[in-house]
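> Letter 12 of the sequence shown, counting from 1, is numbered -3 in my numbering, and no numbers are missing.
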Amino acid sequence: MQDKKRSITPQKAVEILNEHGTTVTFEEVKIILDFMYNFAILSVNQLVKNKSTDSDESKKHR
(Lines of atoms letter the chains of each structure in order from A and count residues from 1; the text may use other names and numbers.)
(Lines give C-alpha, C1' and ligand atoms only; values in the text may rest on other atoms or scores of the structure.)
Protein backbone atom coordinates (compact mmCIF):
# COMPACT_ATOMS: atom_id res chain seq x y z
CA MET A 1 0.00 0.00 0.00
CA GLN A 2 1.06 3.56 -0.62
CA ASP A 3 1.82 5.99 2.19
CA LYS A 4 1.50 9.04 -0.05
CA LYS A 5 -0.97 11.74 0.82
CA ARG A 6 -4.06 11.58 -1.34
CA SER A 7 -7.08 13.83 -1.54
CA ILE A 8 -9.58 11.00 -0.95
CA THR A 9 -9.04 9.09 2.26
CA PRO A 10 -10.16 5.48 2.60
CA GLN A 11 -12.77 6.58 5.13
CA LYS A 12 -14.19 9.18 2.74
CA ALA A 13 -14.25 6.62 -0.10
CA VAL A 14 -16.18 4.18 2.11
CA GLU A 15 -18.70 6.93 2.91
CA ILE A 16 -19.10 7.92 -0.76
CA LEU A 17 -19.55 4.31 -1.89
CA ASN A 18 -22.04 3.63 0.91
CA GLU A 19 -24.09 6.68 -0.15
CA HIS A 20 -24.39 5.04 -3.58
CA GLY A 21 -25.35 1.62 -2.26
CA THR A 22 -21.94 -0.09 -2.46
CA THR A 23 -20.72 -1.66 0.75
CA VAL A 24 -16.98 -2.22 1.04
CA THR A 25 -14.63 -2.78 3.92
CA PHE A 26 -11.87 -0.38 4.86
CA GLU A 27 -9.26 -2.86 3.54
CA GLU A 28 -11.13 -3.32 0.25
CA VAL A 29 -11.38 0.41 -0.32
CA LYS A 30 -7.65 0.84 0.32
CA ILE A 31 -6.98 -1.71 -2.46
CA ILE A 32 -9.46 0.04 -4.76
CA LEU A 33 -7.86 3.45 -4.14
CA ASP A 34 -4.37 2.05 -4.74
CA PHE A 35 -5.54 0.53 -8.03
CA MET A 36 -7.20 3.76 -9.14
CA TYR A 37 -4.16 5.83 -8.16
CA ASN A 38 -1.77 3.54 -10.05
CA PHE A 39 -4.07 3.39 -13.06
CA ALA A 40 -4.22 7.19 -13.15
CA ILE A 41 -0.41 7.40 -13.09
CA LEU A 42 -0.16 4.89 -15.94
CA SER A 43 -2.78 6.78 -17.95
CA VAL A 44 -1.02 10.11 -17.56
CA ASN A 45 2.35 8.58 -18.43
CA GLN A 46 0.85 7.03 -21.55
CA LEU A 47 -0.69 10.33 -22.62
CA VAL A 48 2.61 12.15 -22.10
CA LYS A 49 4.45 9.46 -24.03
CA ASN A 50 1.95 9.61 -26.90
CA LYS A 51 2.05 13.41 -26.92
CA SER A 52 5.85 13.29 -27.10
CA THR A 53 5.74 10.73 -29.91
CA ASP A 54 3.17 12.80 -31.82
CA SER A 55 5.34 15.89 -31.42
CA ASP A 56 8.41 14.03 -32.70
CA GLU A 57 6.45 12.75 -35.70
CA SER A 58 5.20 16.22 -36.62
CA LYS A 59 8.78 17.55 -36.54
CA LYS A 60 9.85 14.83 -39.01
CA HIS A 61 7.18 15.90 -41.51
CA ARG A 62 8.17 19.56 -41.59
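Backbone N, C-alpha and C define an ideal beta-carbon position, used for all residues, glycine too.
For clarity, every value in this text was computed on a predicted model and none was experimentally measured.
Within 10 angstroms of the Cβ of Ala(-2), are there 16 or more other Cβ atoms? Answer buried if so, exposed if not.
Flag for Ala(-2) reads buried.
> Evaluate Val33 with the Cβ neighbour count: other Cβ atoms within 10 Å of its Cβ, from every protein chain shown; 16 or more gives buried, anything less gives exposed.
It is exposed - the Cβ of Val33 has fewer than 16 other Cβ atoms within 10 Å.
> For Val14, count neighbouring Cβ atoms within 10 angstroms of its own Cβ and tell me buried if that reaches 16, exposed if not.
Val14 should be labelled buried.
> How is the alpha helix (DSSP H) around Val(-1) delimited, first residue to last?
Looking at the DSSP string, the run of the alpha helix (DSSP H) that includes Val(-1) is Pro(-5) to Glu4.
> Check Ser94 in the structure and name its three-state DSSP category.
Limits of the chain in this structure are -14 at one end and 47 at the other, which puts residue 94 out of reach.
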